[in-house]
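A short worksheet on the structure shown next.
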Amino acid sequence: AALSAAVAESAAQAARAAELEGKVSDLEASVASLQADLQAAEAAAQAARAEAHSERAAREQAAAEGDNSAQQAAELQALQQQVAALQAQLSEAQSTAASAASATADK
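Residues 1 to 107 (my numbering) make up the sequence shown, in order.
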């Protein structure tokens with residue numbers, strides 16, 4: 001009877017061990033799945049960081065080009081003002097020359 005009880009106990013322990021092995025196997029599969037999900041999430045995060053960096057670089061370039069355009073516009077305006085001043089000086093010189101020629105002709 002003691003032997004029969006020991007055999008029954010051994011069979012119960014073997015069944016319990018098999019059940020635990022199944023649970024361990026399920027847990028290992030879950031861990032592998034979670035690791036794959038984590039790697040996918042890390043790859044997505046890296047791609048998002050790269051895209052954000054690219055967008056930031058594009059914004060910075062656009063801002064730099066905008067600054068450059070503003071500078072060029074300011075330089076153009078300054079040149080236009082210089083041209084206007086020179087044209088005014090030329091007109092004044094022509095007027096003075098015409099007056100001088102008229103005065104000389106009158107003499």
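Think of the CB as a built atom: it goes at the ideal place given N, C-alpha and C, for glycine as much as any other residue.
Residue i versus residue j: straight-line alpha-carbon distance, rounded
{"i": "alanine 11", "j": "valine 24", "result": "20 Å"}
{"i": "alanine 29", "j": "glycine 22", "result": "11 Å"}
{"i": "serine 91", "j": "alanine 103", "result": "18 Å"}
{"i": "glutamine 87", "j": "glutamine 72", "result": "22 Å"}
{"i": "leucine 76", "j": "alanine 70", "result": "10 Å"}
{"i": "aspartate 37", "j": "aspartate 67", "result": "44 Å"}
{"i": "arginine 49", "j": "glutamine 81", "result": "48 Å"}
{"i": "aspartate 44", "j": "alanine 18", "result": "Reading off the sequence, residue 44 comes out as alanine, not aspartate. Looking at the two C-alpha atoms, the distance is approximately 39 Å."}
{"i": "alanine 5", "j": "arginine 16", "result": "16 Å"}
{"i": "arginine 84", "j": "glutamate 51", "result": "A small fix is needed here, since residue 84 is alanine in this sequence, not arginine. Those two C-alpha atoms are separated by around 49 Å."}
{"i": "alanine 63", "j": "alanine 57", "result": "10 Å"}
{"i": "leucine 79", "j": "glutamine 89", "result": "15 Å"}
{"i": "glutamine 35", "j": "serine 54", "result": "28 Å"}
{"i": "glutamine 61", "j": "threonine 96", "result": "52 Å"}
Proximity test, Cβ basis, 8 Å: residue i and chain B
{"i": "alanine 12", "result": "Note that chain B does not occur in the displayed structure, where there is just one protein chain."}
Beta-carbon contacts of residue i that lie in its chain and below 8 Å, excluding the five residues immediately before and after
{"i": "alanine 100", "result": "none"}
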